[in-house]
Amino acid sequence: MAARWSSENVVVEFRDAQATAMSVDCLGSHAVLSGRRFLYMVNLEAPSEPPRKIGRQSKWDVGTVQWNPHKSESHVFAASSNQRVDLYSWREGCGEVHTSLQGHTRVISDLDWSWFEPEFLVTSSVDTYIYIWDTRDTRKPTVALSAVAGASQVKWNKRNQHLLASSHDGDVRIWDKRKPNTAVEYVAAHLSKIHGLDWHPDNEFILATSSQDNSVRFWDYRQPRKYLNILSCQVPVWKARYTPFSNGLVTVMVPQLRRENSLLLWSTLDLNSPVHAFVGHDDVVLEFRWRPQKEGSKDYQLVTWSRDQTLRIWRVDPQLQRLCVSDMVEDLMEDMSLNVETDKSLSSQEPESQHSTGPAAGNLQDLGTSLGSGLPQTLQQEFSLVNLQIRNVNVEMDAVNCSCVVSAHFGSHQVHLVVKFPAQYPNNAAPTFQFVSPTTIPSTMKTKIQKILTDTSLQKVKRNQNCLEPCVRQLVSCLESDMTQEDGPASGPFILSNPVTPALQAFPRVTNMYGSYQDANIPFPRTSGARFCGTGCLVYFMRPITMHRSVPPSEPTPRSLSALSAYHSGVLTPMKMRSESQSTLRLYSGSPTRSDKDTVSISSFYYKERKSRRFKTKREGTDYGNRSIKLAGKVIIQEISCLLPVHKALGESYILNVNDIQETCQKNAAAALTVGRRDVAKVWALASAATSQDLSPDPDPDTETPWARHPFGRHLLETLLDHYSHMSDVQTLAMLCSVFRTQAPPPDSYSLYGQQPSRSSMFPPHHSRYSSYCSSSVTSGSCSSTSESITATTWNTNPDINPWGESSPDDYRYGNSGYTDPREREREQHDMNKRLLDPANTLQFDDFKKCYGEILYRWGLREKRADVLKFASCPPEPHKGIEFGVYCCHCRSQARGTQCAVCKRLTFQCAICHVAVRGSSNFCLSCGHGGHTSHMMEWFRRQDECPAGCGCHCLMQSTF
Amino acid sequence: MVSVINTVDTSHEDMIHDAQMDYYGTRLATCSSDRTVKIFDVRNGGQILVADLRGHEGPVWQVAWAHPMFGNILASCSYDRKVIIWKEENGTWDKMYEYTGHESSVNSVCWGPYDFGLILACGSSDGAISLLTFTGDQQWDVKKISNAHTIGCNAVSWAPAVVPGSLIDQPSGQKPNYVKRFVSGGCDNLVKLWKEEDGQWKEDQKLEAHSDWVRDVGWAPSIGLPTSTIASCSQDGRVFIWTCDDPAGNTWTAKLLHKFNDVVWHVSWSITGNILAVSGGDNKVTLWKESMDGQWACISDVSKGQGAVSTITDTQQNEQ
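Respectively, the protein sequence lines represent chains Y and Z.
If you count the first sequence from 1, position 156 lands on 156 in full-length UniProt numbering, and the numbers rise without skipping.
If you count the second sequence from 1, position 30 lands on 30 in full-length UniProt numbering, and the numbers rise without skipping.
Put into structure tokens, the structure is as follows:
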């Protein structure tokens, strides 16, 4: 990396360009930058001159732009814009679209001019077709290759005029344009999406693919099963292209940190480390192209365009080119032994490369001496350029003494490391590493780290490269992984938010969350949604209005997540980059986000509207900050209760006074009026009329037809219920059912059911009988009980004891079978007939009440809920807690409830007053004695032994 | 009138995939591609971040609040194949349980009616549906319906516990014999109904009408009527309303609510089951209501990204 600060030749900033693509013409005189509003023509001879512009009217960014590589057509370039390719011609300082190629139905991901026929252009699209166009006949493509899968890249072979390659997610297909029906070869190249594809400039069988899976792979397509070689990176690789000189490869990484060097030059013969990094761009490099070599010049020039809105031209001098021809010939042989053909082809070009680098070899001596003389400075420069902004790590550099102290603390551990650089450094002389106090890590780890650091540094200095930064990063990742192991899974998922530098953390485990082939059956994520919540709220969220879909609105949203990878290829490149740098920006600013973030997120599918350029601030830094576009929209909570048929205000004001139905109806009618429910007010008026005392049915079945049988009786009520059912007005339904349920049957009807007239509907049953989560009244474990709840449990087995004014269908059934006396049956029938609510539907009416009760509960109106649920006849939940069995004190048979089923006597007596207990009672769980609650309380206030005299210390044994 | 009562800026760093309020409407849970779940206190128009739950390693697709009788419990599901059940204890939220039994993205979680205890249904892209039942003492019983939907399951929704039409088969006096039932939708374009019989989950019904992946299903809450209603929406842009009047639950009839121009992602029923909120790829929210004669009409349209639900008709409440 000796030349890293000297190779940059030209920097020109085009602040307003906002260009997404760039291309250099075959003469090396012009570069075109394609922005949304203009295409900028940069004269590479005088790049700082203001560029010429070609206006364009499109809401789409330019996906790919490429000059025709043939001298005869050097004035032509093609630019893709969504589904269309525009062919521009550039003559005498003016440019215009001379024709457009239209045929694709979805966004065009890539285009490439043929190397052999100047009129031929190939385009690939997400619409799964690859079209080859003859620019002399632009009406339709001359060849259509159907790939079934959308393509992200398409490239003509540089040696064979018929061949081309396309990439589809992780696959590469090789096509012969003469056989358009099917691909010639399939290469399952990567597990993740391929971002870049490049044919070898000299060998027609070899190509390089760069992928999301953090690797560049080299292939001979005739051997699709095994790659020739692999360049493993720690981050996804955006593009990898061969250099025009031999054995070189330039890669653009998808950087984890904005400032990281993403533009690297490699030797294909030694993929362990890059031979050069082009340092300078502050942001993602969007495009790089080689400027054709000038006559007589030994230098190559690399033209790069970055999101930092600068165009840079880098000189790659013969020395640098020579670095690509590494001295590791044995490596070369090893690589090539994989494949005889490749070997041949490469060895055939070997002399050529030797030849081209020949003059450079002559300069080697100069190079060496220049490096030698610059040594002290090198260390200083390394110190000043080193990027060691790592959390918890501090590096004190002392250039005078050629040493530095690295101090780091991780969790409870501290590390202090002195690094001493020899005078020869970095010329094959590694620094020494020594731990000093107060280092707290165990000695085994010290040894391990020392070895790693020595290895790392040796590797670097062998190539005259600086090693401080790699060493420190190694140290940190070492410590980091050890600490993680130490912490173990106990710290769980939060381990990842531990204080480490995001970049480093990203290195060991960048998860390619999206883009794997399995995503094909994962539904495309929702980015908007609406949900009714609580009782009267609608919660909804949407894609922010600044986020636009990258596809035309006419196109449906994709169904599967895998579409994501296809969608942001090619044309959407800049968008993807933008979102990436968005996230890296956040990382950089130290936000607590997890750093091994997806490089592709759902938001990649949507492109973010640019802030209007007018508001752009001058300074790029602040501009960047301002541009942080919100990816998450707001969540809006809307009150929609007015759309619902139920009203909280009514829930609050409705009353259920069982003792005065008339008043209840009138008050409720007034309440309904206040919320504007005139219909319900009228219903209450009707209810009032129907429950009038005048209409109360005669106990004698013979006197008259009960009101319920009148058209305005049960029939009217049923019609009303039906109506409100259709309206889903559960509030009105439940209230009506409750009111008409309370409509008290005449007193003598109790005689029919005998025993307990007191428990008529005038005294609604204890509400805790309804299974309730709020009061959790299932009194498990308590030995106190009321006879009422005991009756409740006996309800199903003993139809005689029916405490209800209304009866369930069971009663109905039992009633019919149980009373054989025709007179009784008639009365029973009459009892059914005189009810306004059809007893057959009782369960349904109960459901109304329960549902309404649920709504009241959500409203926080618990008392109102209890009021309503009193009228539910729903059988209680089976008792889940401890049940107390009672043995009849007379016949000793097991009894349920207060009356023995065998001897028909009341089952137990109070231990104090010796009177049968019907009401509330308490027992000792230990001795089983007990009695009336009031008696028990009184007794145990003074005593602690059982009143029965059994000697049990009841208070000690159980709680009363 | 319909009015916006709160606008919550979640500060999620990536797109939001679900937002849901708890039982009482006092807290809002949101989840996002930024892998977090956030809980906000939204009482009285406020927005206080109560918790920022981290634990998922991928985008979080959906959240679900459990009934408050079990405490403050929230379930979330993610692309990372995990379902996490979070619980608030003494004011701090922590993982209560993490379920990793799926082999692909978990797309939907839904808590069953409280009558069944704490039971969660999870639908995953591996085609399976898991039913997690809390058995007390930090134990969860897992039942898995493998291959519930070929290719993948996208949505699950429980039937209300108040089983309509239970009038006939209900044995007298016992606790109403609620059958556990839920509905699911998947990549096989089917809506499937499941019910538990003798502790085993069985496919009860298979409803066919959609021509593309079913993206969401919603079983309407019951108000005690003997009709079951289910809404389903799909990639094909169609929303169907399925109704069943048959107490045995065997005959379902489909009615097309509307054909949208883009995918419909989500359907949600109002508490009384008479309004359906529909949202989808067109970035719009529409509310639909069934008229007295059984026709579904759009009653409102949440305009793009901003503004309020503007009701088209405001008269329906004065129907006589």
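Heads up, the beta-carbon is just placed ideally off N, CA and C, and yes, glycines get one too.
Looking at the DSSP output, E45 (chain Y) bridges to nothing. Taken in chain order, the members of the region 107-120 of chain Z whose beta-carbon sits within less than 9 Å of a beta-carbon on chain Y are N107, Y114, D115. Contacts with chain Z (Cβ-Cβ distance below 7 Å) from the region 185-218 of chain Y involve no residue at all. Between L191 (chain Y) and I174 (chain Y) the beta-carbon gap is near 19 Å, outside 8 Å, which marks them as no contact.
Between S166 (chain Y) and S114 (chain Y), the C-beta spacing is not below 8 Å. Burial of A189 (chain Y) is indicated by the presence of at least 16 other C-beta atoms within 10 angstroms of its C-beta.
Looking at the DSSP output, A297 (chain Z) bridges to Z:K289.
If you ignore the 5 residues before and after D838 (chain Y), its C-beta comes within less than 8 Å of the C-beta of R714, E718, all in its own chain and listed in chain order. When only Cα atoms are considered, A895 (chain Y) and M956 (chain Y) end up about 28 Å apart. The Cβ atoms of K834 (chain Y) and A734 (chain Y) lie no closer than 8 Å to each other.
Those residues of the region 522-541 of chain Y placed with their C-beta closer than 9 Å to a C-beta in chain Z are I522, P523, F524, P525, R526, T527, S528, G529, A530, R531, F532, C533, G534, T535, G536, C537, L538, V539, Y540, F541, ordered along the chain. In the DSSP assignment, F848 (chain Y) falls within the alpha helix (DSSP H) that extends over 842-859. Residue environment analysis places N247 (chain Y) among the buried positions, since at least 16 neighbouring C-beta atoms fall within 10 angstroms of its C-beta. In this structure G919 (chain Y) is exposed. Its beta-carbon is surrounded by fewer than 16 other beta-carbon atoms within 10 angstroms. Apart from sequence neighbours up to five positions away, the residues of its chain that approach D262 (chain Z) with a beta-carbon distance below 7 Å are G237, G280, G281, D282, ordered along the chain. The region 3-20 of chain Z and the region 930-949 of chain Y do not touch, with fewer than 3 CB-CB distances between them shorter than 8 Å. Look at E652 (chain Y) here: in three-state DSSP terms it is helix. Distance from the CA of S297 (chain Y) to the CA of R322 (chain Y), rounded to the nearest whole angstrom, comes to 15 Å. The DSSP-derived three-state label of D722 (chain Y) is helix.
Around C946 (chain Y), the same chain offers C924, C927, H929, C952, C954 as residues with beta carbons nearer than 7 Å, after the five sequence neighbours per side are excluded. Per DSSP, reduced to three states, the secondary structure at L320 (chain Y) is helical.
By the neighbour-count definition (other C-beta atoms within 10 Å, threshold 16), R15 (chain Y) is an exposed residue. Taking a C-beta cut-off of 8 Å against chain Y, the contacting residues of the region 186-206 of chain Z are C187, listed in chain order.
Here the region 525-535 of chain Y does not lie against the region 81-92 of chain Z, with fewer than 3 beta-carbon pairs under 8 Å apart. The residues R27, L28, A29, V42, W65, in chain order, have a CB closer than 8 Å to that of M21 (chain Z) in the same chain once the five nearest residues on each side in sequence are set aside.
R106 (chain Y) is outside the set of residues whose beta carbon lies under 8 Å from a beta carbon in chain Z. At least 8 Å separates the beta-carbon of V250 (chain Y) from that of F218 (chain Y). Going by DSSP, A872 (chain Y) is part of no beta strand (DSSP E) at all; its letter is neither H nor E. Interface with chain Y (8 Å Cβ-Cβ cutoff): L256 (chain Z) is excluded.
Setting aside the 5 residues that flank it on each side, G185 (chain Z) is surrounded in the same chain by N154, A155, V191, V214, V217, S232, each with a C-beta closer than 6 Å to its C-beta; the list follows chain order. Closer than 8 Å to the CB of A159 (chain Z) there is not a single CB belonging to chain Y. Of all residues in the region 5-17 of chain Z, only I5, N6, T7, V8, D9, T10, S11, H12, E13, D14, M15, I16, H17 come within less than 9 Å of chain Y when Cβ atoms are compared, listed by chain position. Not a single CB atom of chain Z sits nearer than 8 Å to the CB of G35 (chain Y).
Note on the UniProt domain "RWD" (381-482) of chain Y: whole alpha helix (DSSP H) runs with a minimum of 4 residues are 443-461, in chain order.
Rounded to the nearest angstrom, the gap between the Cα atoms of C298 (chain Z) and K289 (chain Z) is 6 Å. For T272 (chain Z), the nearest beta carbon of chain Y is closer than 8 Å to its own beta carbon.
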